[in-house]
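Numbering (the working numbering), first residue to last: 74 to 248. Glycine included, every Cβ here is placed at the ideal spot set by N, Cα and C. For clarity, every value in this text was computed on a predicted model and none was experimentally measured. This report concerns only the one structure given below.
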Ligand code: 2AL
């Protein structure tokens, strides 16, 4: 990515491009814009990670709560954010067997009632089987562990979204 392009963006343009690198949390892009100029995409990613780490527990839980359920109603209706829709579809969550769908939906509900936030995993680093297996095993963790793991997964999702944007911006600047 041409960092000159990124660093010359006003905050409205920056939000248009980076507003969803953390799902439905444009506040995070709006906040880290203050930290420009960024020397690299990694430096931008580090600013995002540091901002998340600086949040109180309720803020971190809030980030997790902005994530949609995996294979939930929104995926079937096509009303997820385009990022989520693409990620969940590519992981095969639109073509679950009926047994997998009901297993995932029951586990998701139990997870949410135990932790008061949804199960979050970077689906692009997994497939249908490992997602269900991870959900089944992580549900036994402590709330503290799950908060930490969930936030690590949010950062992985952010990393891949930033890579996608980098390649799009590079393509656009070549035109
Ligand atoms: C998601 C999502 O929408 N994309 C992804 O990688 N993970 N959601 C979730 N609850 O884990």
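Secondary structure of residue i, DSSP reduced to three states
i	result
residue 153	coil
residue 175	helix
residue 167	coil
residue 181	helix
residue 83	coil
residue 200	coil
residue 114	helix
residue 120	helix
residue 224	helix
residue 216	helix
residue 248	Reliability fails at residue 248, whose pLDDT of 44 lies under 50, so the model's placement of it is uncertain and no value is given.
residue 195	coil
residue 92	coil
residue 134	helix
residue 208	helix
residue 234	helix
residue 287	What is shown of the chain runs 74 to 248, which leaves residue 287 out entirely.
residue 109	coil
residue 188	helix
residue 128	coil
residue 70	Any question about residue 70 goes unanswered here, given that the chain covers just 74 to 248.
residue 229	helix
Beta-carbon proximity check, residue i vs residue j, cutoff 8 Å
i	j	result
residue 144	residue 169	yes
residue 190	residue 211	no
residue 208	residue 184	yes
residue 225	residue 205	no
residue 96	residue 230	yes
residue 177	residue 161	no
residue 239	residue 114	yes
residue 93	residue 154	yes
Cutoff 6 Å; reference residue i; Cβ partners in own chain excluding five residues on either side
i	result
residue 157	141
residue 138	190
residue 105	120, 121 and 124
residue 241	none
Closest Cα partner of residue i within the set the options
i	options	result
residue 103	90, 224 and 174	90
residue 128	93, 153 and 220	220
residue 98	228, 239 and 182	228
residue 235	201, 131 and 116	116
residue 133	101, 151 and 154	101
Sequence-distant residues of its chain with Cβ nearer than 7 Å to residue i (five each side left out)
i	result
residue 163	197
residue 188	216 and 219
residue 80	109, 110 and 111
residue 151	158
Cut-off 8 Å between Cβ atoms - residues of its own chain near residue i, not counting five sequence neighbours on either side
i	result
residue 84	103 and 106
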